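*Asks:*
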Amino acid sequence: MKMFVTRIVLGARRFQQWLVAQAAFGILNAMKVLPADPALNFADRTARWLGPKFGRHRLMLTNLRNAYPEKSDAELEQIALASWGHMGRLAAEYVFLDRLFDFDPQKTEAGRIEVSGIPIFVELRDNPRPFIVFTAHTGNFELLPVAGNSFGLDVMVLFRPPNNPYIAEKVFSFRSARMGQLVPSHAGSSFALARRLEADGGVGVLVDQKFGRGLTTTFFGRQVRTNPLLAKLVRQFDADVYPARCIRLPDNRYRLEIEPRIDVPRDARGNVDVQGTAQMLNDKVESWVREYPEQWLWYHDRWAIKKSLKA
């Protein structure tokens, strides 16, 4: 009897996930009939209207208040609404990615996508060695591996699949066709990244996610847990490290930036300082977020405060 009830509960949950996925796919497919610019602007406005109606809006405002104690409530609300708008754009950009990404290294005229750091992409392609490109949930971070792919640079990308299995399958299929080799984040993913670096390849990772078993560091002056994976991979393979980010520009344009190689902190014996490297990553991401605060996903529970909001 207990097993029967369990099956019913699991079946109901799968059906609910299927319904949510079909609704999401329906909305995104409906957008395809529109030109890209009106659709992206519509997604922005809709997300700004819907976002504050969700409980995550409270978490977002708490995160912003903790990060910017000097700002007024009105200023924080404005950033929060803009952040919801960027999340709406991110969802819509999946639909139009093939139309949006018009960058071609062989062309000289300006398009919707501009790339800063082209010589770095070319040098990494022409001189293979272990390297790691890190980024954060700012702008459309999904465009970075697409840019690398356009230069013929094959980067193995670590990503966290959506919780909904039907959406996860669709997203994985979409990403893998445009972004090179993808590795879902799970217990064995670090071994796949290690094998790529061992073969003088490159990997890409997001470094601003909450990681419960991570190192104690600070972000915007508050304690967070940071994944030590990047630092440990650098220590093991002596990999070069490059920061990269996407910035949304006016008129639905984008700038993709890969910055020069950074030197990771080392101890007196020359070994990689894992703790110091984790903090360095946070500091770099914080500098990006402070420059364009509305383009970061503030609804993430980066500071692990969600439980306290329920109290």
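Using our numbering, the first residue of the sequence shown is number 126, and each one after it goes up by one. Backbone N, C-alpha and C define an ideal beta-carbon position, used for all residues, glycine too. Remember, it's a predicted structure, so these values are computed and weren't measured experimentally.
How many Å lie between residue 198 and residue 174 at the Cα?
*Replies:* Cα to Cα, the separation comes out at about 18 angstroms.
*Asks:* Are the beta-carbon atoms of residue 318 and residue 330 separated by less than 9 angstroms?
*Replies:* Going by C-beta atoms, residue 318 is nearer than 9 angstroms to residue 330.
*Asks:* Check whether the Cβ atoms of residue 387 and residue 241 sit closer than 9 angstroms, and answer yes or no.
*Replies:* No, Cβ-Cβ distance for residue 387 and residue 241 is not below 9 angstroms.
*Asks:* Would residue 381 pass as a contact of residue 217 if the rule is Cβ separation under 9 angstroms?
*Replies:* The answer is no: Cβ separation not under 9 angstroms.
*Asks:* Drop a sphere of 10 angstroms on the beta-carbon of residue 350, count the other beta-carbons inside from all chains shown, and report buried for 16 or more, exposed for fewer.
*Replies:* Per the 10 Å Cβ criterion, buried.
*Asks:* Measuring only the C-alpha atoms, how far is residue 264 from residue 336?
*Replies:* Residue 264 and residue 336: Cα-Cα distance of roughly 22 angstroms.
*Asks:* Would you mind working out which of 360, 357, 346 and 359 sits nearest residue 415, comparing C-alpha positions?
*Replies:* Measuring from the Cα of residue 415, the nearest candidate turns out to be 346.
*Asks:* Is DSSP giving residue 233 helix, strand or coil here?
*Replies:* Coil.
*Asks:* Please determine, among 394, 409, 406 and 369, the residue with the shortest C-alpha to C-alpha distance to residue 267.
*Replies:* Of the candidates 394, 409, 406 and 369, the one whose C-alpha sits nearest the C-alpha of residue 267 is 369.
*Asks:* Beta-carbon within less than 6 angstroms of residue 188's beta-carbon, same chain only, minus the 5 sequence neighbours each way: which residues are those?
*Replies:* So the list reads 423, once near-sequence residues are dropped.
*Asks:* Starting from residue 321 and walking both ways along the alpha helix (DSSP H), at which residues does that stretch end?
*Replies:* From DSSP, the alpha helix (DSSP H) with residue 321 extends over 314-323.
*Asks:* In angstroms, rounded to a whole number, what distance separates the CA positions of residue 430 and residue 234?
*Replies:* Approximately 47 angstroms between the Cα atoms of the pair.
*Asks:* Can you find the residues in the same chain that come closer than 7 angstroms, C-beta to C-beta, to residue 409, ignoring five residues on each side of it along the sequence?
*Replies:* Excluding sequence neighbours, residue 409 sits near 368.
*Asks:* By how many angstroms is the C-alpha of residue 275 removed from the C-alpha of residue 378?
*Replies:* About 18 angstroms.
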